[in-house]
Amino acid sequence: CTMNNCESEEIVEAANIAISNLLPTKSRSLYDIAYNRENVLLAYFSENAKNYKSSTLWAQYSMVKSCLIIYDNIDISKFPKLIAFFKRTGDGYQTKKSKTLTKNEIDRFLSSADDKEFLMIKVGLILGIAGACRTDELVNLTVDDIEDVGSSLITKIPRIFVVTDVGNMLELFRKYLSIRPPHVKHKRLFLYYKAGKCSSQPVGKNTMGKIPSVVASYLKLPDVACYTGHCLRRSSATLLADAGVDITTIKRHAGWKSTTVTEGYVENSIENKTKIANQVLVGTTTSAITKTANVSECNIPSNINFENCTNVTFNLNANK
Numbered sequence: 096c097t098m099n100n101c102e103s104e105e106i107v108e109a110a111n112i113a114i115s116n117l118l119p120t121k122s123r124s125l126y127d128i129a130y131n132r133e134n135v136l137l138a139y140f141s142e143n144a145k146n147y148k149s150s151t152l153w154a155q156y157s158m159v160k161s162c163l164i165i166y167d168n169i170d171i172s173k174f175p176k177l178i179a180f181f182k183r184t185g186d187g188y189q190t191k192k193s194k195t196l197t198k199n200e201i202d203r204f205l206s207s208a209d210d211k212e213f214l215m216i217k218v219g220l221i222l223g224i225a226g227a228c229r230t231d232e233l234v235n236l237t238v239d240d241i242e243d244v245g246s247s248l249i250t251k252i253p254r255i256f257v258v259t260d261v262g263n264m265l266e267l268f269r270k271y272l273s274i275r276p277p278h279v280k281h282k283r284l285f286l287y288y289k290a291g292k293c294s295s296q297p298v299g300k301n302t303m304g305k306i307p308s309v310v311a312s313y314l315k316l317p318d319v320a321c322y323t324g325h326c327l328r329r330s331s332a333t334l335l336a337d338a339g340v341d342i343t344t345i346k347r348h349a350g351w352k353s354t355t356v357t358e359g360y361v362e363n364s365i366e367n368k369t370k371i372a373n374q375v376l377v378g379t380t381t382s383a384i385t386k387t388a389n390v391s392e393c394n395i396p397s398n399i400n401f402e403n404c405t406n407v408t409f410n411l412n413a414n415k
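If you're matching positions, the sequence shown starts at 96 in this note's numbering and goes up one per residue.
As structure tokens, then:
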């Protein structure tokens, strides 16, 4: 060999010896196994990346990680090359989010859809929106989880939320509960419903998850398939964000642990973006200009027109 090649080989050998001496003598075999395991996993997930999306790869990673911790006591979350690989494969990937229902769309469905066909769907929609419920939370909801106190429904899933007497929401719930067959042995709230009658069969996760798409189909909204089971939860958070509710309240309402998830709803709120646009482009803020007039008697015309109004709140108190 040439002098340069010999020197290179000596340097590589010396480096390998130095690296091997860094490992603990007693547990060196475990480190070697982990090193070889990381290379095997890299090859495995690299092959899967040709056929699966980033979200699927992460799901597979989670399952493999759990199995290796349980059976071999190896924590692959500490494999730097493997983690770097997953972060790289996720670059530019965007998850598909369910579409949301607006308040107007919800009100239209509740008021116009026929109870004989859609009563169960209506009750699921009401509770799902009011509590930002996941599909499985609605599926597992029992009659004992809801307390009717007259003016509202207090629901525990186990977080607590309230359905108030808005429109005919309480009436719809009570109507659905009243047709519950007396011979039902379980306490699941949602029962299979058809032609105005309930059977004793509880509603499953697939049927419950289709509630948003049924509503969207009835209202003839575009992209019905995009209204997935997560729609109710996302719609509830979006409605709160559009109403200007703070992040902490939205997070507590939906039971999220991550502030990042909650911030996404506030960031994507159309009302919030409109408010920011007015502040940037028009130079206005949400501060209100209040004018108070004490009038003992006045005649109000039947038609009042307001034009060129921006961020204005009208409070009218009329006493006969």
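For each residue, glycine too, the CB sits at the ideal point set by N, CA and C.
Straight-line CA distance for residue i to residue j?
i       : j       : result
Met-303 : Val-375 : 43 angstroms
Leu-222 : Ala-179 : 42 angstroms
Leu-152 : Arg-328 : 25 angstroms
Ala-372 : Gly-339 : 15 angstroms
Ile-255 : Leu-236 : 12 angstroms
Ser-353 : Glu-366 : 23 angstroms
Ala-208 : Leu-267 : 12 angstroms
Ile-252 : Asp-240 : 7 angstroms
Val-107 : Tyr-322 : 59 angstroms
Ser-103 : Leu-177 : 29 angstroms
Ile-224 : Leu-137 : 42 angstroms
Ala-154 : Ser-330 : 26 angstroms
Met-215 : Phe-140 : 44 angstroms
Glu-105 : Pro-175 : 28 angstroms
Asp-318 : Lys-194 : 9 angstroms
Arg-183 : Lys-346 : 30 angstroms
Asp-337 : Lys-370 : 10 angstroms
Phe-181 : Ser-149 : 8 angstroms
Lys-368 : Tyr-360 : 11 angstroms
Arg-428 : Glu-358 : The structure shown has nothing for residue 428, since the chain only spans 96 to 415.
Asn-146 : Tyr-313 : 36 angstroms
Leu-196 : Gly-219 : 14 angstroms
Ala-110 : Asp-167 : 30 angstroms
Met-158 : Arg-229 : 23 angstroms
Ala-383 : Gly-262 : Confidence at Ala-383 is low in this model, with a pLDDT of 43, below 50, so its placement is unreliable and the value that follows should be read with caution. Their backbone Cα atoms lie some 29 angstroms apart in a straight line.
Lys-160 : Lys-270 : 48 angstroms
Lys-289 : Glu-142 : 48 angstroms
Ala-113 : Ile-165 : 33 angstroms
Mapping DSSP to helix, strand and coil, what is residue i?
i       : result
Thr-195 : coil
Pro-297 : strand
Ile-288 : As written in the sequence, residue 288 is Tyr, which differs from the Ile given in the question. Correct three-state label for Tyr-288: strand.
Lys-346 : helix
Leu-248 : strand
Val-340 : coil
Arg-283 : strand
Leu-272 : helix
Val-261 : coil
Asp-231 : helix
Ile-255 : strand
Thr-237 : strand
Val-390 : The predicted model places Val-390 with a pLDDT of 45, which falls under 50 and marks its position as unreliable; any figure quoted below should be read in that light. Looking at Val-390 - three-state DSSP - the assignment turns out to be coil, as it is neither helix nor strand.
Ala-113 : helix
Glu-104 : helix
Met-98  : With a pLDDT of 49 at Met-98, under the threshold of 50, the predicted position of this residue should be treated as unreliable, and no value is reported.
Give me the Cβ distance between residue i and residue j, rounded to the nearest whole Å; I'm assuming they're in contact under 8 angstroms.
i       : j       : result
Ala-227 : His-348 : 6 angstroms
Leu-76  : Ser-294 : What is shown of the chain runs 96 to 415, which leaves residue 76 out entirely.
Asp-260 : Ser-247 : 6 angstroms
Ser-364 : Thr-333 : 7 angstroms
Gly-291 : Lys-217 : About 13 angstroms; that fails the 8 angstroms criterion.
Val-258 : Met-264 : 6 angstroms
Lys-300 : Val-238 : In fact, because the Cβ distance is near 19 angstroms, the residues do not count as touching under 8 angstroms.
Does the stretch 133-141 come close enough to the stretch 165-174 that 3 or more CB-CB pairs lie under 8 angstroms?
The stretch 165-174 vs the stretch 133-141: in contact.
The stretch 242-257 in contact with the stretch 304-323 per 3-pair CB rule at 8 angstroms:
With the rule of 3 Cβ pairs closer than 8 angstroms, the stretch 242-257 does not count as touching the stretch 304-323.
Please confirm if the stretch 195-214 is in contact with the stretch 276-286, defined as three or more CB-CB distances below 8 angstroms between the two stretches.
With a cut-off of 8 angstroms on Cβ pairs, the stretch 195-214 is not in contact with the stretch 276-286, counting fewer than three such pairs.
Counting only runs that start and end within the stretch 136-211, where is the alpha helix (DSSP H) found for 4 or more residues in a row?
Counting only runs of 4 or more, we get 149-167, 175-184 and 198-207.
Counting only runs of 4+ residues fully inside the stretch 306-335, write out the alpha helix (DSSP H) ranges in chain order.
Entirely contained in the stretch 306-335, the alpha helix (DSSP H) runs reaching 4 residues are, in chain order, 306-313.
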